[in-house]
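Note that the working numbering has the sequence shown beginning at 4, numbered continuously upward.
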Amino acid sequence: MFTICVDKECGCFKRSSFENNMNFSSKDDALIQAKLMVEHMNTKFCQKHGFELSEDGANFNITVNMNSKPAHSGCCGGGHCS
Numbered sequence: 004m005f006t007i008c009v010d011k012e013c014g015c016f017k018r019s020s021f022e023n024n025m026n027f028s029s030k031d032d033a034l035i036q037a038k039l040m041v042e043h044m045n046t047k048f049c050q051k052h053g054f055e056l057s058e059d060g061a062n063f064n065i066t067v068n069m070n071s072k073p074a075h076s077g078c079c080g081g082g083h084c085s
């Protein structure tokens, strides 16, 4: 069995039709589904997170990362420009 695991279920994931820990008998089917999920989540979710796919044996892991803010936006950082 091949499993797609999402390490952290953000709110967008919980509201979506996706399921965590989905099992597949075919590695190819699991990989195709995992790639489709990552593409959808990176383009259709709220953009607060980024999603990356990695493979670990029979598991396809989707990790959730916070999208970083630009290093310098021309603001002094005092918090009064927004």
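The beta-carbon is built from N, C-alpha and C at its ideal position, and this holds for glycine as well.
Quick one: what's THR66 bridged to in DSSP? GLU55
For MET44, name the three-state secondary structure that DSSP assigns. helix
Inspect the beta-carbon positions of ASN68 and SER57 and report whether they are closer than 9 Å. no
With burial defined as no fewer than 16 other Cβ atoms inside 10 Å of the residue's Cβ, what is the status of MET40: buried or exposed? buried
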